[in-house]
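As structure tokens, the structure follows; a few thoughts come after it.
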Amino acid sequence: MALIDGDGEPHILIKMSTNQKDGTLFREAFKVPELQFFHSTFNLMVNEKTDPIRQEKNIRKHFADEKDTLLITKKREGSTALHITLSLRESITLAPQTVHYIYEYLTYFQTHTQQAS
Numbered sequence: 001m002a003l004i005d006g007d008g009e010p011h012i013l014i015k016m017s018t019n020q021k022d023g024t025l026f027r028e029a030f031k032v033p034e035l036q037f038f039h040s041t042f043n044l045m046v047n048e049k050t051d052p053i054r055q056e057k058n059i060r061k062h063f064a065d066e067k068d069t070l071l072i073t074k075k076r077e078g079s080t081a082l083h084i085t086l087s088l089r090e091s092i093t094l095a096p097q098t099v100h101y102i103y104e105y106l107t108y109f110q111t112h113t114q115q116a117s
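Counting with this note's numbering, you get residues 1 to 117 for the letters of the sequence shown.
Below, the structure is given as structure tokens:
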């Protein structure tokens with residue numbers, strides 16, 4: 001997980017696999033009423049030899065809502081990767097430091113969850 005703050009509008013970048021387990025974790029963490037001000041952009045990067053239909057179905061079923069964006073990028077080599085960018089919805093105005101605080105909370109939560117496992 002990383003915080004991207006290059007254009008004055010901070011975004012949170014998350015790297016996950018496309019499996020059902022990660023989809024459930026993502027939904028439990030980010031598709032809750034308290035965080036509905038985020039728009040999710042899913043960038044599925046697949047090897048050009050791979051048919052992305054199965055992964056695309058998993059993302060649509062386990063990760064994304066109808067308002068989210070799904071991009072599919074083909075690359076010459078390497079394994080499949082899913083990058084999720086959380087950005088503020090256009091209708092939402094929050095101070096940039098609020099996204100920073102949310103990111104710090106998520107990082108803290110992620111660290112303590114991993115230690116408990």
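Built from N, CA and C at the ideal position, the CB exists for glycine as well. Given the structure is predicted, the values throughout are model-derived calculations rather than measurements.
Rounding to the nearest angstrom, what Cα-Cα distance links residue i and residue j in this structure?
i	j	result
A2	G78	22 angstroms
E66	M16	20 angstroms
K74	T80	9 angstroms
T69	P96	22 angstroms
H187	L94	Nothing about residue 187 can be read from this structure; the chain reaches only from 1 to 117.
G8	L88	12 angstroms
I12	E28	16 angstroms
E34	R76	39 angstroms
H62	K31	11 angstroms
F26	Q36	13 angstroms
T50	Q20	19 angstroms
N47	Y105	34 angstroms
D5	Y103	11 angstroms
Suppose the cutoff is 7 angstroms on Cβ atoms and the five residues either side in sequence are ignored; what does the same chain contact list for residue i look like?
i	result
T107	M1
D22	M16
Among the residues of its own chain, which have a CB less than 6 angstroms from the CB of residue i, if the five just before and after it don't count?
i	result
V99	P10
L82	M16, T18 and L44
For residue i, count neighbouring C-beta atoms within 10 Å of its own C-beta (all shown protein chains included) and say buried if the count is 16 or more, exposed if not.
i	result
F109	exposed
I59	buried
L44	buried
I53	exposed
I92	exposed
I think residue i touches residue j, with their Cβ atoms under 8 angstroms apart; what is that distance to the nearest whole Å?
i	j	result
T24	T85	With a Cβ gap of about 20 angstroms, T24 and T85 do not count as contacting.
Ignore the nearest five residues each way along the sequence and tell me which others in residue i's own chain have a CB closer than 8 angstroms to its CB.
i	result
Q55	T18, L44, V46, T80 and L82
| said: So within the segment 42-113, which uninterrupted beta strand (DSSP E) runs reach at least 3 residues, ignoring any that extend past its ends? | reply: 69-75 and 81-88
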